[in-house]
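Peer 1:
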Amino acid sequence: MQQQHLFRLNILCLSLMTALPVYAENVQAEQAQEKQLDTIQVKAKKQKTRRDNEVTGLGKLVKTADTLSKEQVLDIRDLTRYDPGIAVVEQGRGASSGYSIRGMDKNRVSLTVDGLAQIQSYTAQAALGGTRTAGSSGAINEIEYENVKAVEISKGSNSVEQGSGALAGSVAFQTKTADDVIGEGRQWGIQSKTAYSGKNRGLTQSIALAGRIGGAEALLIHTGRRAGEIRAHEDAGRGVQSFNRLVPVEDGSSDYVYFVVEEECKSGSYETCKSKPKKDIVGKDERQTVSTRDYTGPNRFLADPLSYESRSWLFRPGFRFENKRHYIGGILEHTQQTFDTRDMTVPAFLTKAVFDENRKYGSIRGHGKYAGDHKYSGLITNGENGALVGAEYGTGVFYDETHTKSRYGLEYVYTNADKDTWADYARLSYDRQGIGLDNHFQQTHCSADGSDKYCRPSADKPFSYYKSDRVIYGESHRLLQAAFKKSFDTAKIRHNLSVNLGFDRFGSNLRHQDYYYQNANRAYSSKIPTQNGNKKISPNGSTNNPYWVSIGGGNVVTGQICRLGNNTYTDCTPRSINGKSYYAAVRDNVRLGRWADVGAGLRYDYRSTHSDDGSVSTGTHRTLSWNAGIVLKPADWLDLTYRTSTGFRLPSFAEMYGWRAGVQSKAVKIDPEKSFNKEAGIVFKGDFGNLEASWFNNAYRDLIVRGYEAQIQNGKETAKGDPAYLNAQSARITGINVLGKIDWNGVWDKLPEGWYSTFAYNRVHVRDIKKRADRTDIQSHLFDAIQPSRYVVGLGYDQPEGKWGVNGMLTYSKAKEITELLGSRALLNGNSRNTKATARRTRPWYIVDVSGYYTIKKHFTLRAGVYNLLNYRYVTWENVRQTAGGAVNQHKNVGVYNRYAAPGRNYTFSLEMKF
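Here the sequence shown stands for residues -24 to -1, 1 to 891, where the numbers follow mature numbering (1 follows the signal peptide of the UniProt record, and there is no 0).
(1) Expressed to the nearest angstrom, what Euclidean distance is found between the alpha-carbon atoms of residue 150 and residue 123?
(2) Does the region 359 to 366 come close enough to the region 287 to 301 that 3 or more CB-CB pairs lie under 8 Å?
(3) Can you tell me whether residue 233 is buried or exposed, with buried defined as 16 or more other CB within 10 angstroms of its CB?
(4) Is residue 292 a contact residue of the ligand FMN, with contact defined as CB to any heavy atom under 7 Å?
(5) Helix, strand or coil for residue 706, going by three-state DSSP, please let me know.
(6) Name, in chain order, the residues that DSSP records as bridge partners for residue 181.
(7) Can you tell me which of the three DSSP states residue 84 falls into?
(8) If I'm right that residue 326 touches residue 222 with Cβ under 8 Å, what's the distance once you round it to whole angstroms?
(9) With a cut-off of 8 Å on the beta carbons, I'd call residue 598 and residue 626 a contact; round off their distance for me.
(10) Which residue's Cα is closest to the Cα of residue 324: 254, 428 and 853?
(11) Tell me the DSSP secondary structure of residue 431 in three-state form.
(12) Since residue 756 sits in a beta bridge, which residues does DSSP pair it with?
(13) Return the CA-CA distance between residue 869 and residue 274, expressed in angstroms with no decimal places.
(14) When DSSP labels each residue in this structure, what does residue 329 get in the three-state scheme?
(15) Kindly indicate which residue of 373, 99, 814 and 837 has the alpha-carbon position closest to the one of residue 779.
(16) Can you tell me the Cα-Cα spacing of residue 8 and residue 167, whole angstroms?
(17) Can you tell which of 224, 219, 170 and 189 has its C-alpha closest to the C-alpha of residue 201?
(18) On the premise that residue 33 lies in contact with residue 27, defined as a C-beta separation below 8 Å, what is that separation, rounded to the nearest angstrom?
(19) Relative to the alpha-carbon of residue 280, which residue among 71, 44 and 756 has its alpha-carbon at the smallest distance?
(20) How would you call residue 117, buried or exposed, if buried means at least 16 neighbouring beta carbons within 10 angstroms?
(21) By the 10 Å Cβ neighbour count, where 16 or more other Cβ atoms means buried, how is residue 592 classified, buried or exposed?
(22) I'd like to know whether the C-beta atoms of residue 604 and residue 576 end up nearer to each other than 8 Å.
(23) Bridge partners of residue 840, per DSSP?
(24) Suppose contacts are defined by Cβ-Cβ distances below 8 Å. Is residue 655 in contact with residue 672 by that definition?
(25) Which word fits residue 208, buried or exposed, when buried means at least 16 other C-beta atoms lie within 10 angstroms of its C-beta?
(26) For residue 797, does the three-state DSSP call read helix, strand or coil?
(27) By the 10 Å Cβ neighbour count, where 16 or more other Cβ atoms means buried, how is residue 761 classified, buried or exposed?
(28) Using the beta-carbon count (16 or more within 10 Å), is residue 705 buried or exposed?
(29) Could you check the C-alpha separation between residue 763 and residue 369 for me, to the nearest Å?
(30) Between the alpha carbons of residue 884 and residue 52, how many angstroms are there, rounded?
(31) Put residue 915 into one of helix, strand or coil per three-state DSSP.
(32) Mind listing, in chain order, the continuous alpha helix (DSSP H) runs of no fewer than 4 residues lying wholly within the region 620 to 678?
(33) Starting from residue 779 and walking both ways along the alpha helix (DSSP H), at which residues does that stretch end?
(34) In chain order, what residues of the same chain lie with their CB nearer than 6 Å to the CB of residue 769, ignoring the 5 residues before and after it?
(35) When you compare only the Cα positions, how much space is there between residue 876 and residue 67?
(36) Quick one: what does DSSP say residue 856 is sitting in, helix, strand or coil?
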């Protein structure tokens, strides 16, 4: 059996599809053996593979732009839909906070684009007593997939390639160039994609233009997207929902509840007007019923409404010199995404229980009294910031997020196809990148049902209220990178050597602003009327002697909540952390004949940070990362693989800033988190395809959490100092990963070419969790980030000429393991208590997806997909995890879990055009 390599197989297929049909039309069958054909050259663009950077390819997945199109990837959740062991971290407000891999997530999984780190998940403290668990967004900016040439996903420690953050894995994106749009032998190219996704009513329109004149070339891509929230299965939102709302009724509890409004007495005489008094108003609950879409409260069936919009521009000009070895180019990218949502788990209307509870905080002047027939204005209670709020208005809680990314840079690329100089490939680049996350919280209480985000308190709306709170977090990078590659032979041993260097100046800035409230008051006073002769009367509220009150016009009061220097959430002093870093990495992948491949890499990282705030835990960190791998090839059809690697994560900017509780905190020393990965695999390969099974062991130590240093006083453990982010935990997991693709024609040549099957499986098992003995008030590490074991099986057909294809996928997920959600918390008194990440876990589920494509005259490709074909109702762990304690913006007080149901049967369509 002949040895088959993936890249060679791709070239062979491409040769057959592009070269043979052209010549076959003009060659008669009987002449084929008599005519000598000229030698032809077939050029093919090298596709990125799993073993490009690391010889074993263990734990790696590579997806090209063609793969993304075929899998109909339109957003971050589609990218890893069929890749077990990799999940999206839901941010809780429509955005995302990166990925989870092997039990870790967010900042513990590196996310880069062309070597540039994307923004960190920064979680600021929230206001005490509020409905929020985080004051900031906590999101990580999402990537525009129409700009992506390829993405490499690495599971397991990978800091030798990606640096800080690749503790449990990494996701590395590579940006398209003009060559990816310009067809072979052409000077220009146009690509367009129009797509619709039914699960969130999403529309995508992207157009790419590229051209080449002489040595000059350029690429321009514009992509626009609009979408709503991901809709739950239709059964989850059926029916109607009811709630209590406070409504005004006349007070029948006493005979002394009558009053007369001076401004409504035309004569101005109390004696004249007291014969027509009004009665005080009290509130009672009225049961009201609305659709599930309009219902507000913790028992809401449906997800919060979301309005999502994205606009992205990518411009990449360049010049390739005549010998084609030298290239100079630039890159400009601007992407802006908005996530506007309303938290409809917050009840829009006051109830009697809430109303009465708030009134306990103090007596309210004018309660029960109203002007005209406006009875609702008599229902007043205490609200936030000392403001009075009326039951007439509905409450709305809104989060408007804007994620903005700007990047511009220059690059020089040297490519030597002849490989006859000191380097086969060299790249020198300089990039400036700025990413900002603008998170605006707004609470309105000034419209009839709370749905109007733009309403504001005014004089004609007494007891209306508005609060604003805005947190803007940004990171900037000025990154200089150099990369060199060289292949050479020594003593019949093939070396593939690469060297990478980088220097970065970075900054982190958080601004807390627009933190204020507005409320509309009304003029009110209780008066003592007079009779003729200026004799005073003492009203007692009876029918014959009602109260004499004045209810005047309203006024709007604005109060600033922002403070400076108080070291709590209300502190609006800007936070800034700046620094520099550099790294040097070398890697050599060696081919020892046909029997073995060996690879090893080494990387040194240095980071220094500083801040004007002496309480920030800045400092200098030096880390060394490495990896090593070997592939043994005892037979053409068998590979035995093994790799080890290390990872690290430097303290995030949020952890460096620390936890502020009003006192001046002291800076603490925080060491990098570390990980060590071992992985062994076996690969069966041949004409039938390939099948890989691997076992992995990941150990994590010095994990950073919030807590206290512990000390022993009088024989008892107590806390020392202030709360801070400390190295406190360690953990270890093991697992199995299976990946394969079968070519059925290779299994049995009587089957038609083009039939294939895919298989993927991932399982993770928690082996060990520990806490350092010198730490207290620490929550043990909860593995809610582990995706439940999942199988993905596919059967598909691609017509050999690539004209059409169809594919079916079966996904089966096991239940979430309860043991991964249980833990304990070390208490300040030396004891501990049992804890649980969340109240619910998911059950097993399965779905079937079917997709296909059809190409018309090589220029037009229609793609369609039916997802959850059987319309199965299920809930994914990634959705329910938003209720877990470790969630970025935890969903609290969840009454029913219908809102987390995955979409029912839904459809995706796209039209691609390439010229």
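Backbone N, C-alpha and C define an ideal beta-carbon position, used for all residues, glycine too. The structure presented is a predicted model; accordingly, all values stated were derived computationally and were not measured.
Peer 2: Looking at the coordinates:
(1) Here the question's residue 150 lines up with position 174 in the sequence shown. Here the question's residue 123 lines up with position 147 in the sequence shown. Residue 150 and residue 123: Cα-Cα distance of roughly 8 Å.
(2) no
(3) Locating residue 233 in the sequence shown gives position 257, where the first residue counts as 1. Answer is buried; the Cβ neighbour count reaches 16.
(4) The ligand FMN is not part of the structure shown, which contains no ligands of any sort.
(5) On the sequence shown, residue 706 is found 730 positions in, with the first residue counted as 1. Three-state DSSP puts residue 706 in a strand.
(6) The residue labelled residue 181 in the question sits at position 205 within the sequence shown. BP columns for residue 181 point to 170 and 200.
(7) Position 108 of the sequence shown, counted from the start, is the residue given in the question as residue 84. Residue state, collapsed to three classes: helix.
(8) Residue mapping note: residue 326 aligns to position 350 of the sequence shown, counting from 1. Residue mapping note: residue 222 aligns to position 246 of the sequence shown, counting from 1. 5 Å between Cβ atoms; contact.
(9) The residue you call residue 598 lines up with position 622 of the sequence shown. The residue you call residue 626 lines up with position 650 of the sequence shown. Not quite, the Cβ-Cβ distance comes to about 10 Å (not below 8 Å), so this is no contact.
(10) Taking the sequence shown and counting its residues from 1, the one referred to as residue 324 is at position 348. Minimum Cα distance to residue 324 is reached at 428.
(11) Within the sequence shown, residue 431 is the residue found at index 455, counting from 1. In the structure shown, residue 431 sits in coil (DSSP, three-state: anything other than H, G, I, E or B).
(12) Numbered from its first residue, the sequence shown carries residue 756 at position 780. Beta-bridge pairing links residue 756 to no other residue.
(13) Residue numbering aside, residue 869 sits at position 893 when the sequence shown is read from its first letter. Residue numbering aside, residue 274 sits at position 298 when the sequence shown is read from its first letter. For residue 869 and residue 274, the distance between alpha carbons rounds to 6 Å.
(14) Translated into positions along the sequence shown, residue 329 becomes position 353. Residue 329 falls in the helix class under three-state DSSP.
(15) Here the question's residue 779 lines up with position 803 in the sequence shown. If we check each option's Cα against that of residue 779, 837 comes out closest.
(16) For the purposes of this step, residue 8 is taken as the residue at position 32 of the sequence shown. For the purposes of this step, residue 167 is taken as the residue at position 191 of the sequence shown. Its pLDDT being 41, under 50, residue 8 is placed unreliably by the model, and nothing is read from it.
(17) Here residue 201 corresponds to residue number 225 of the sequence shown, with the count starting at 1. Checked all of 224, 219, 170 and 189; the closest Cα to residue 201 is 170.
(18) Here residue 27 refers to the residue found at position 51 when the sequence shown is read from its first residue. Here residue 33 refers to the residue found at position 57 when the sequence shown is read from its first residue. At roughly 4 Å, the Cβ-Cβ gap stays under 8 Å, so residue 27 and residue 33 are in contact.
(19) Translated into positions along the sequence shown, residue 280 becomes position 304. If we check each option's Cα against that of residue 280, 71 comes out closest.
(20) Along the sequence shown, one-based indexing puts residue 117 at 141. When all chains shown are included, residue 117 counts as buried.
(21) Within the sequence shown, residue 592 is the residue found at index 616, counting from 1. Looking at its Cβ environment, which holds 16 or more other Cβ atoms inside 10 Å, residue 592 is buried.
(22) If you number the sequence shown from 1, residue 604 lands on position 628. If you number the sequence shown from 1, residue 576 lands on position 600. It is a contact, given that the beta carbons lie within the stated cut-off.
(23) Within the sequence shown, residue 840 is the residue found at index 864, counting from 1. Bridge partners of residue 840: 828 and 885.
(24) In the sequence shown, residue 655 corresponds to position 679, counting from 1. In the sequence shown, residue 672 corresponds to position 696, counting from 1. Against a cut-off of 8 Å, the Cβ pair of residue 672 and residue 655 comes out as a contact.
(25) As a first step, residue 208 must be located in the sequence shown, where it is residue number 232. Flag for residue 208 reads buried.
(26) Residue numbering aside, residue 797 sits at position 821 when the sequence shown is read from its first letter. In the structure shown, residue 797 sits in a helix (DSSP, three-state: H, G or I).
(27) In the sequence shown, the residue the question calls residue 761 occupies position 785. It is buried - the Cβ of residue 761 has at least 16 other Cβ atoms within 10 Å.
(28) Locating residue 705 in the sequence shown gives position 729, where the first residue counts as 1. With 16 or more Cβ atoms within 10 Å of its Cβ, residue 705 is classed as buried.
(29) If you number the sequence shown from 1, residue 763 lands on position 787. If you number the sequence shown from 1, residue 369 lands on position 393. Between residue 763 and residue 369, the C-alpha separation is close to 43 Å.
(30) The count along the sequence shown starts at 1 and reaches residue 884 at position 908. The count along the sequence shown starts at 1 and reaches residue 52 at position 76. Cα-Cα distance, rounded: 15 Å.
(31) This structure cannot speak to residue 915, because the chain is shown only from -24 to 891.
(32) 629 to 633
(33) The residue given as residue 779 occupies position 803 in the sequence shown. First-last for residue 779: undefined, no H or E at that position.
(34) Here residue 769 refers to the residue found at position 793 of the sequence shown. Only 735 and 786 meet the Cβ criterion.
(35) The count along the sequence shown starts at 1 and reaches residue 876 at position 900. The count along the sequence shown starts at 1 and reaches residue 67 at position 91. About 14 Å.
(36) Within the sequence shown, the letter at position 880 stands for residue 856. Reduced to three states, the DSSP call for residue 856 is helix.
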